[in-house]
Amino acid sequence: MEHIPVLLNESIDFLELKRDGIYVDATLGGGGHAEKIASLIGKNGKVIGIDQDEEAIEKAKMRLAEFEEKIEYVHDNFKNLDYILNKLGVEKIDGILLDLGVSTYQLESPERGFSFSEKEANLSAPLDMRMDRTQSLTAYEVVNKYRESQLRDILWRLGEEPFARQISRKIVRQRERSPIKTTNDLLQVIKSATPPKYRFSRREGHYASKVFRAIRMEVNKELEAIEEVLPKAIGFLKKEGRLVVISFHSLEDRIVKQTFKSLANKEEPVIKILTKKPVLPTEEEIEKNPKARSAKLRAAEKLT
Ligand SMILES: C[S@@+](CC[C@H](N)C(=O)[O-])C[C@H]1O[C@@H](n2cnc3c(N)ncnc32)[C@H](O)[C@@H]1O
């Protein structure tokens, strides 16, 4: 299934594209946002498309073939933005977009181990969840090697999972008998650790979604990467350059909000916050694309 870009028009509006501008799409994914940016800038404009998932880059290349001359593809973690731009010889940029989290392609590729759906195709999916398949830490390591207290903390803090204690205890008991190898093995453990009332009464998605999300965030060190990239991104912006961040998790949004605040409230402010409150998708967008439900967009402009 194709990844539908979230808050597309809103992010383009906040980027205030310039014809010859240099833009970074730090989360290229399916190339939805990049396609729009590339179609609106002139032939001297540039999009630097970064993704730590090599498969995403290959897919995006196909989708963006007609804009080949305007796009530079980089397979790397966006936390290395300074290294990436220095290597490309780019000193300043006009705007940068971060559309955080995972793409539909990643979620729906069973062999990547992100999916908790009980479809036949997913039953033997390995516990992987790496966006960058060259890194060594996988969900298998987290689930089978982390201490019970570490697991509990991850499920509670990153997943906001109310049954974090029960699930982490069950994981440890289960793996003492035999390793938890597949996404289905993990699903069965979550099932056995949570009451049926909880599993069947969830209005917001699947009962395993919080645990899977928490483990994914740990495997990919998602919060750490955001903390690292934001100051770097702002540092590279030209005067009046724009930073747009779309987040899907309250902890991500908190990092963005606090970083923006601290830079905007300095004695000599570095940025101006353009979104007093986060911009949310409209009901219409959520209806068309339920994955947009938890999205929050914040934008800022560089002042100096
Ligand atoms: C929500 S998708 C982006 C979708 C894209 N905006 C579109 O419209 O098609 C997020 C993408 O960012 C990538 N990603 C997440 N964290 C990253 C990081 N720290 N460095 C580089 N890429 C990252 C993921 O691999 C995924 O492909």
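Numbering that gives the first Met the number 0 puts the sequence shown at residues 0 to 303.
Note that the Cβ used here is the ideal one computed from N, Cα and C, for glycine as well.
On a predicted model such as this, the values are computed, not experimentally measured, just so you know.
**Prompt:** Three or more beta-carbon pairs under 8 Å between the stretch 280-288 and the stretch 238-245, yes or no?
**Reply:** By the Cβ test, the stretch 280-288 is not in contact with the stretch 238-245, since fewer than three Cβ pairs between them sit closer than 8 Å.
**Item:** First through last residue of the alpha helix (DSSP H) which encompasses Leu236
**Value:** That residue, Leu236, is in no alpha helix (DSSP H); its beta strand (DSSP E) goes Leu236 to Ser246.
**Request:** Would you identify the three-state DSSP class for Lys42, choosing helix, strand or coil?
**Result:** Coil, per DSSP.
**Asked** Does Val269 get closer than 8 Å to chain B when you measure Cβ to Cβ?
**Response** Of the protein chains in this structure there is only one, and it is not chain B.
**Asked** Can the beta-carbon of Ala232 be found closer than 8 Å to that of Leu80?
**Response** Remark: C-beta atoms of Ala232 and Leu80 approach each other more closely than 8 Å.
**Message:** In this structure, how does DSSP classify Pro125 when only helix, strand and coil are distinguished?
**Reply:** Correct three-state label for Pro125: strand.
**Message:** Alpha carbons only, please: which of Ser108, Leu150, Arg174 and Asp93 is nearest the one belonging to Lys237?
**Reply:** The shortest C-alpha separation from Lys237 is found at Asp93.
**Asked** Going by the beta-carbon positions, is the gap between Gly112 and Ala138 smaller than 8 Å?
**Response** Contact: yes.
**Prompt:** Any idea if Tyr82 is buried or exposed, counting beta-carbon neighbours within 10 angstroms, 16 or more meaning buried?
**Reply:** By the neighbour-count criterion, in which a residue is buried when 16 or more other Cβ atoms sit within 10 angstroms of its Cβ, Tyr82 is exposed.
**Prompt:** Start and end of the beta strand (DSSP E) containing Glu71?
**Reply:** Counted as a single uninterrupted DSSP element, the beta strand (DSSP E) harbouring Glu71 occupies residues Ile70 to His74.
**Message:** According to DSSP, is Arg174 part of a helix, a strand, or is it coil?
**Reply:** Reduced to three states, the DSSP call for Arg174 is helix.
**Message:** To the nearest angstrom, how far is the alpha carbon of Tyr22 from that of Leu150?
**Reply:** Straight-line spacing of the CA atoms in Tyr22 and Leu150 works out to 38 Å.
**Asked** Can you name the residues that DSSP bridges to Tyr22?
**Response** Beta bridge pairing from DSSP links Tyr22 with Val46 and Gly94.
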